[in-house]
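S.K.: Read in full-length UniProt numbering, the sequence shown has 668 at position 668, and its numbers run on one by one without any break. No residue lacks a Cβ here, since even glycine has one placed at the ideal position from N, Cα and C.
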Amino acid sequence: MGIGLTTDHRDLAAAVRRFSERRVSARAADHREFWDDLATQGLLGLHLPEEHGGQGFGPPELAVVLEVLGERCTPGPFLPTVIASAVIAEWGTEKLRAELLPLLADGSLTAAVALPETSQEGLALGEPDAGVLLVPVDGHWAVLRSADVTVRAVAGLDLTRGLVHVSADAVSEDRVLPGVTSATVRDVISVLAGAEACGVAAWAVTTAAEYARTRVQFGRPIGQFQGVKHRCAAMLVALEQARAAVWDAARAVEDGHGARIAAAGAAVLAPDAAVRCAADAIQVLGGIGYTFEHDAHLYYRRALSLRALVGDPGVWAGQVTRLAMAGERRELEPDLPDEALPLRQRIHAEAARLGALDPAERRAGFASGGWMIPHLPEPWGRAASPLEQVIIQQEFRHLGRPNLGIAAWAVPSIARYGTREQQDRFIPGTLRGEFVWCQLFSEPGAGSDLASLSTKAVRAEGGWLITGQKIWTSLAQHAHWAICLARTDPDVPKHEGITYFLVDMSSPGVEVRPLKEINGDEIFNQVFLDDVFVPDSLVVGEPGQGWRVARDTLSHERVSLGDSWGPGSQHGDIVRHLGKVEALRESQLEEAGRLYAEGHAISALGLRVTLARLEGTDSGAGSSVRKLLGMGQAQRVSEFCWSLDPSDPHWSRMILTTRAFTIGGGTTEVQLNIIGERALGLPRDP
């Protein structure tokens, strides 16, 4: 999904995409006609007030347009012009607004914007004939006219957009923007340039994936080779993280809440994502990607120029840390429609009633009221819509609903595929906390390839005898029941002939051997099954059709909808830990800032998935990308925090504990395969 999530934003993106595909080429020698078209379409003034010739929209809409134009590597000064007009509209005097905004909106004037570390004399992004120049002056910004400066063209790396050298002998006081610092304007630049960077990265991902699907080497499409597949998938991961950061930063700039830290995070992630994706696209394309005739180099050049405009990501990362340590936050909560209010009032009242009960009564109330897994059908859940799930999560957050663990995966599958007897026997008691569940899926010789399992079940009078070995079974030593896959027909293809069983862990023939992990815990276990009898009444679904039930179970491994923007990033832990450390080095501040920006983007990505569901639209690869990012994020945070104080017992433990995160539930490599194949359409391994 692009930066825009709402129906209106998607429609806007589609319209601009159709328009730009007809009217523009990155190799266009003369972009003046297209410039006039941009003005006619109202895109130059999309974000400007109507009284000054604009459309009255804001940064989110402008970000949507910039992403699409970035996909086309649109030539000309659109980006510096809308940056300058956005800054003037927000902080310019009334005289400057009246003088310049109508001319910038109708295309009569173009603008140039100074690169970082410049002053009244330095480089600016824009054309030599720019009529307006936005330059920093003594810690502030000034809006100069071409008559006030000397401008000469400079040979820049980006062949599709101008670079100029600007010098001004003196700056009139009335051209200085009052009440705005250099840093504030840089925030706007980082968001808008970041949106275009997302477009560059999107083109690179699409181009690389399309080529990998069709280019044949050694008798196979190159996208089937894991090295190429993983590179393309990693490109998509970087793009989606950057999109989430820019999307949230654009919203923050508009609503004014946490804008500084959100914009800094976008500056850390988006330009780097564009450079990385453009470079990787050239790598996937191979020799053809290195030729001047292919457009790949134009996007690589554009990505590098955008990073130069935004400035050193390391400096921005340090800024993220300083803002976070000073207490600035960007809270992430979904904006809900008006019809949510009466629903919220009812759920709030129920939460208050349950909150007044003692813990045992409260747990029973969670179960009987359908609050444990609210999207389940009644009587076990509430058949809750996506909107209701979000509100339940918000209103029940302080009540500490118990974590069901594996039961949160097992119960929905029993509800969907189980018999009425199975449902009545297991679901209410599980929701009340009477049954603890484990999962007997993984095997020593199968791992993530569950369909290759060798555990077998043979017919016996009244049921089945299961024999085999399972491994990596969390909390098996405490579980009352297990969901178990076993092969019941060895003569059919591997995804067939598998049956889904419910196994009593106290049955004769079940042996559990805990595995000591590197952190000293014993959560994982080996489970040996030796002719364990399971009656026919504990087969879920039809014999031989267990793979369908198992896929349903695995689909519930993701975080529940209402909580999807919360867990998965631990960036708040960094700030708390930094407060205990004295004399931080600049390199440590930068590393902390990168981790914080990445973590916030993971949370923003989760919120985007939730909002897409509320809109009834496809969230694309968002859920898979968020899971992959969250696993690695926890490890990097632990490693960094431990490095600051190796004697800290919490981080000494966490640095070991988190090593399992990129293994359990599907390794990083498996997740990259899934993203490459399902999201990018790359061919599966033979």
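Going by DSSP in three states, N525 sits in which element: helix, strand or coil?
M.R.: Correct three-state label for N525: strand.
S.K.: Count the other C-beta atoms from every protein chain shown that fall within 10 angstroms of the C-beta of E388, then say buried if there are 16 or more, exposed otherwise.
M.R.: Buried, because 16 or more other Cβ atoms sit within 10 Å of the Cβ of E388.
S.K.: Tell me the residue span of the alpha helix (DSSP H) that contains D255.
M.R.: Its alpha helix (DSSP H) spans residues 226-255.
S.K.: Closest to L656 by C-alpha separation, out of P444, Y290, C641, would be which residue?
M.R.: Nearest option by C-alpha distance: C641.
S.K.: Please report the distance separating the alpha-carbon of G562 from that of R613.
M.R.: In this predicted model, G562 has a pLDDT of only 41, less than 50, meaning its place in the structure is not dependable; the value taken from the coordinates is given anyway. Using only the alpha carbons, I get a separation of about 10 Å.
S.K.: Would you grab the beta carbon distance between V154 and L163 for me? Rounded to a whole angstrom, and I think it's under 8 Å.
M.R.: About 5 Å; that satisfies the 8 Å criterion.
S.K.: According to DSSP, simplified to helix, strand and coil, what is A446?
M.R.: The answer is coil: DSSP assigns A446 none of H, G, I, E or B.
S.K.: Please classify I88: does DSSP put it in a helix, a strand, or coil?
M.R.: Three-state DSSP puts I88 in a helix.
S.K.: T440 and K470: beta carbons closer than 8 Å?
M.R.: One detail in the question is off: residue 440 reads as Leu in this sequence, not Thr. Closer than 8 Å, so yes.
S.K.: Could you work out which residue in G287, Q394, T321 is closest to G599 when comparing CA atoms only?
M.R.: Looking at the Cα atoms, T321 is the closest of the given residues.
S.K.: How would you call G290, buried or exposed, if buried means at least 16 neighbouring beta carbons within 10 angstroms?
M.R.: The displayed chain sequence assigns Tyr, not Gly, to residue 290. That one is exposed.
S.K.: Only counting the same chain, and skipping five residues up and downstream in sequence, which positions put a Cβ closer than 6 Å to that of E511?
M.R.: Counting only Cβ-Cβ distances below 6 Å, and skipping sequence neighbours, we find F528.
S.K.: Below 8 Å between beta carbons: does that hold for L101 and H140?
M.R.: Not closer than 8 Å, so no.
S.K.: Tell me where the beta strand (DSSP E) around R459 begins and ends.
M.R.: 456-460 is the span of the beta strand (DSSP E), which, as asked, contains R459.
S.K.: Checking the sheet assignment: what are the DSSP bridge partners for A13?
M.R.: DSSP, once it has assigned bridges, lists no residue as partnering A13.
S.K.: Could you please give the first and the last residue of the uninterrupted beta strand (DSSP E) stretch that includes E511?
M.R.: Where E511 is concerned, the enclosing beta strand (DSSP E) stretches over 510-514.
S.K.: For P116, which three-state DSSP category applies?
M.R.: It is coil, neither helix nor strand.
S.K.: If you pair each beta-carbon of the stretch 539-556 with each one of the stretch 401-417, do three or more pairs fall below 8 Å?
M.R.: Short answer: they touch.
S.K.: How big is the Cα-Cα spacing for R626 and D148?
M.R.: Each residue's Cα considered, the two are about 49 Å apart.
S.K.: Which same chain residues end up closer than 7 Å to E240 when comparing Cβ atoms and leaving out the 5 residues on each side of it in sequence?
M.R.: Around E240: L605, A621, G622, V625.
S.K.: Given V68, which residues of its chain have a CB within under 7 Å of its CB, disregarding the five upstream and five downstream residues?
M.R.: Cβ within range, chain order: A13, V16, R17, S20, G199.
S.K.: CB W547 to CB I498, shorter than 8 Å?
M.R.: A contact, by the Cβ cut-off of 8 Å.
S.K.: Please classify S647: is it buried, with 16 or more other beta-carbons within 10 angstroms of its beta-carbon, or exposed?
M.R.: Exposed is the call here.
S.K.: How far does the alpha helix (DSSP H) with D187 in it reach, from first residue to last?
M.R.: Its alpha helix (DSSP H) spans residues 182-214.
S.K.: Nearest to P271 by CA position, among E173, I189, A209, G327, is which residue?
M.R.: If we check each option's Cα against that of P271, I189 comes out closest.
S.K.: Just curious, the alpha helix (DSSP H) that S452 is in, first and last residue?
M.R.: Where S452 is concerned, there is no enclosing alpha helix (DSSP H), given that its DSSP letter is neither H nor E.
S.K.: Relative to the C-alpha of E331, which candidate in L48, S603, R425, P490 has its C-alpha closest?
M.R.: Taking only the C-alpha atoms, the option nearest E331 is S603.
S.K.: Do you know offhand how far L672's Cα is from H230's?
M.R.: Cα to Cα, L672 sits roughly 6 Å from H230.
S.K.: Across which residues does DSSP place T150 in a beta bridge pair?
M.R.: In the DSSP output, where bridge partners are listed per residue, T150 has S167.
S.K.: Buried or exposed for V458, please, with buried defined as at least 16 other CB atoms from any protein chain shown within 10 angstroms of its CB.
M.R.: V458 comes out exposed.
S.K.: Using three-state DSSP, classify residue 702 as helix, strand or coil.
M.R.: Here the chain covers residues 1 to 686 and nothing more, so residue 702 does not appear.
S.K.: From the beta carbon of L304, is the nearest beta carbon of chain B less than 8 Å away?
M.R.: Among the protein chains of the structure shown there is no chain B, as only one such chain exists.
S.K.: With three or more beta-carbon pairs closer than 8 Å as the criterion, would you say the stretch 211-230 touches the stretch 31-39?
M.R.: As far as the Cβ criterion goes, the stretch 211-230 does not touch the stretch 31-39, which means the pair count is below three.
S.K.: Taking just the CA atoms, how far does F501 sit from L485?
M.R.: Looking at the two C-alpha atoms, the distance is approximately 6 Å.
S.K.: Mind checking P374: buried by the 16 CB within 10 Å criterion, or exposed?
M.R.: So P374 counts as buried.
S.K.: Please state whether DSSP places C73 in a helix, a strand or coil.
M.R.: C73: coil per DSSP, three-state reduction.
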